[in-house]
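S.K.: Once you've had a glance at the structure underneath, I'll fire off some questions.
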Amino acid sequence: MSDAFEVLKKMEKEPARSHQLVYDSSSSTLEPIYFWVLNFMNNLFGEQVEKLVDNFSSSPGSGHFTEMGQRKTIMQDNVMKTLGAINQVTKSIVNLVYDLKDFEIRLQHYEDIKSNDKITKEAATLALKQIWLDNVDIKRGVGSIHQMTAGNLNFVTLRDAFLAVSSLEEVEKMDLNDRVKRILKPRIAEFYQWMESSGVELKKRFNIEKNYLKSQVNTLQLYARWVKPYLKASAELEMEEKTMDPELVKAFNTIVLELTLFGKNKVKIDDAILERKLPQGTKKPKREYFSCVIVKFHFRGIPQKAGQNYLFGGRATVDFKGYALNNQELELFQKEMKDSDIEEAMKLIQGATTESLDEIKKDIDHFLESGKEEEEEKKEKDKADINPFKALFSGLWPKKSDKKNKKEIKTIKDIKKDSYIEEEVRKLAVISADELCFTIYDIYKKAHKMLSHDSPFE
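In terms of numbering that gives the first Met the number 0, the sequence shown opens at residue 0 and continues consecutively.
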């Protein structure tokens, strides 16, 4: 996971204020420090505090390393079992979709038979006759129409006559010898009987398989809900690779924790004008500006088993830094922070599921929503997406923006410089970030009976 301070340094952003607090005690743990800072920041930033980084690394010789490895293995086993079931259901869905497509084509012939258009009706009849010849009559072997026409029995006109005739009465009127007519009459009668019964049976099977498709989609959605927490947990239990970190010695019982909290307050232009920090009539800038505080916790400790959990005593280093950022800079910062190995792994999984199955998703929508009007279908899709493949990994990555024309910000060079008004608003954001950062640091020290500095804001 990227380091927040390094990302901002790369973006050429200097902190408005920075402080550092160091605890070094074998009996002190990180939890009280972390939760005190978190609760205080929630009060300052209106419960809008984000956790940007949550990493841990254990030395290979520690008991914590072994236990975390066992937990991760259990999670991965659950994921693999459920993904195996998901693969089987997905194969079933793919086969059902292609079966339903074939049924739909066949059923269209039966619908066209009822058409008032002579050409459409004739084309549908010929298509069904061909299906009957290839799938039903062919089972007679040498006695099939195909075999008798192509064989040595000299019934060369039999197949053409079968395709041309449309009723038993027409057989009598055709210029054919009696041998051909005697074979043709029962075949025509059998064909029309087959056409009537097969249409009904095909419709039944189509509806049964459509219901089965719905059942399989629901099953896939259920498996998706089951696998998501295990998939996320197994990813979060991955340790950061710090093989060359001098704090982690292979034979020692050591753990390194890294946590980063982020809070922001928006600069309110109207309030600034009322407080005479900005002149009357100041127009709101196009971009929003925020006073941001980042608190980074770095903890090196010795894990000690306490019941089913671990207690960590050791050295905690807490860095407090304040920044002034606009909404575009925030967007770039958050993008850089999310470019991690876990995110890349999730993107690969997403590409293997949702993107490769988008076309099948359209077919699923078509069969499960068939019979509804287009307008009604659109409303239903707006309410809930029935795509089970997206449900599988939703929530593990940010949603794509609907604004296609919006220019993507990739580097700090893509962000325009501040206008005159924006420069003044940024100055207010810097002052606020400076004060907020000092407040968190100062109040923490006072609350824990430490020596504190005089406030530079009084």
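Quick reminder that beta carbons are idealized off the backbone N, C-alpha and C, glycines included.
What three-state label does DSSP hand Leu466 in the structure shown?
M.R.: A query on residue 466 cannot be resolved here, the shown segment of the chain reaching from 0 to 457 and no further.
S.K.: With DSSP as the reference, label Val93 as helix, strand or coil.
M.R.: For the purposes of this step, residue 93 is taken as the residue at position 94 of the sequence shown. Correct three-state label for Val93: helix.
S.K.: Have a look at Ile439 and Val294 and give me their C-alpha separation to the nearest angstrom.
M.R.: Taking the first residue of the sequence shown as position 1, residue 439 is located at position 440. Taking the first residue of the sequence shown as position 1, residue 294 is located at position 295. Taking the straight line from one Cα to the other gives about 9 Å.
S.K.: In the DSSP assignment, what are the bridge partners of Gly280?
M.R.: Taking the first residue of the sequence shown as position 1, residue 280 is located at position 281. Gly280 pairs with nothing; no bridge assigned.
S.K.: Ser56 by DSSP, collapsed to three states: which one?
M.R.: In the sequence shown, residue 56 corresponds to position 57, counting from 1. If DSSP states are grouped into helix, strand and coil, Ser56 belongs with the strands.
S.K.: Drop a sphere of 10 angstroms on the beta-carbon of Lys50, count the other beta-carbons inside from all chains shown, and report buried for 16 or more, exposed for fewer.
M.R.: For the purposes of this step, residue 50 is taken as the residue at position 51 of the sequence shown. Result: exposed.
S.K.: When the Cα atoms are used, what is the spatial distance from Leu347 to Asp441?
M.R.: The residue given as residue 347 occupies position 348 in the sequence shown. The residue given as residue 441 occupies position 442 in the sequence shown. Only weak support exists for where Leu347 lies, its pLDDT of 47 falling under 50; the coordinates are left without a value.
S.K.: Using the beta-carbon count (16 or more within 10 Å), is Ile118 buried or exposed?
M.R.: In the sequence shown, the residue the question calls residue 118 occupies position 119. Ile118 is exposed by the Cβ-count criterion.
S.K.: Comparing C-alpha positions only, which one of Lys128, Val141, Gly198 sits nearest to Glu103?
M.R.: As a working mapping, residue 103 is identified with position 104 in the sequence shown. If we check each option's Cα against that of Glu103, Gly198 comes out closest.
S.K.: Just mark Val96 as buried or exposed, buried being the case when its beta carbon has 16 or more other beta carbons within 10 Å.
M.R.: For the purposes of this step, residue 96 is taken as the residue at position 97 of the sequence shown. Counting Cβ neighbours within 10 Å, Val96 comes out buried, since at least 16 surround it.
S.K.: Within the same chain, show all residues whose beta-carbon is closer than 6 Å to that of Val317, passing over the 5 residues directly before and after it, in chain order.
M.R.: Within the sequence shown, the letter at position 318 stands for residue 317. Counting only Cβ-Cβ distances below 6 Å, and skipping sequence neighbours, we find Leu20, Phe296.
S.K.: Report buried or exposed for Thr72, applying the criterion of at least 16 other Cβ atoms within 10 angstroms of its Cβ.
M.R.: By 1-based counting over the sequence shown, the position of residue 72 is 73. Exposed is the call here.
S.K.: What first and last residue would you give for the alpha helix (DSSP H) that runs through Leu329?
M.R.: The residue labelled residue 329 in the question sits at position 330 within the sequence shown. Note, Leu329: alpha helix (DSSP H), 326–336.
S.K.: Starting from the C-beta of Leu132, find all residues in its chain whose C-beta is less than 7 Å away, skip the five residues before and the five after it, and write them out in chain order.
M.R.: Translated into positions along the sequence shown, residue 132 becomes position 133. The answer, listed in chain order, is Ile144, His145.
S.K.: Can you give me the C-alpha to C-alpha distance between Asn54 and Lys337, rounded to a whole angstrom?
M.R.: Taking the first residue of the sequence shown as 1, we reach residue 54 at position 55. Taking the first residue of the sequence shown as 1, we reach residue 337 at position 338. Near 13 Å, if we compare the C-alpha coordinates of Lys337 and Asn54.
S.K.: Using a Cβ-Cβ cutoff of less than 7 Å, which residues in the same chain neighbour His452 once the five nearest sequence positions on both sides are dropped?
M.R.: By one-based count along the sequence shown, residue 452 stands at place 453. Once the five neighbours on either side are set aside, the close Cβ partners of His452 are Asp441.
S.K.: Can you find the residues in the same chain that come closer than 7 Å, C-beta to C-beta, to Pro278, ignoring five residues on each side of it along the sequence?
M.R.: If you number the sequence shown from 1, residue 278 lands on position 279. No residues qualify anywhere along the chain.
S.K.: So who's on the other strand from Cys291, going by DSSP bridges?
M.R.: Position 292 of the sequence shown, counting from 1, holds the residue named residue 291. According to DSSP, which records beta bridges pairwise, Cys291 is partnered with Lys263, Tyr322.
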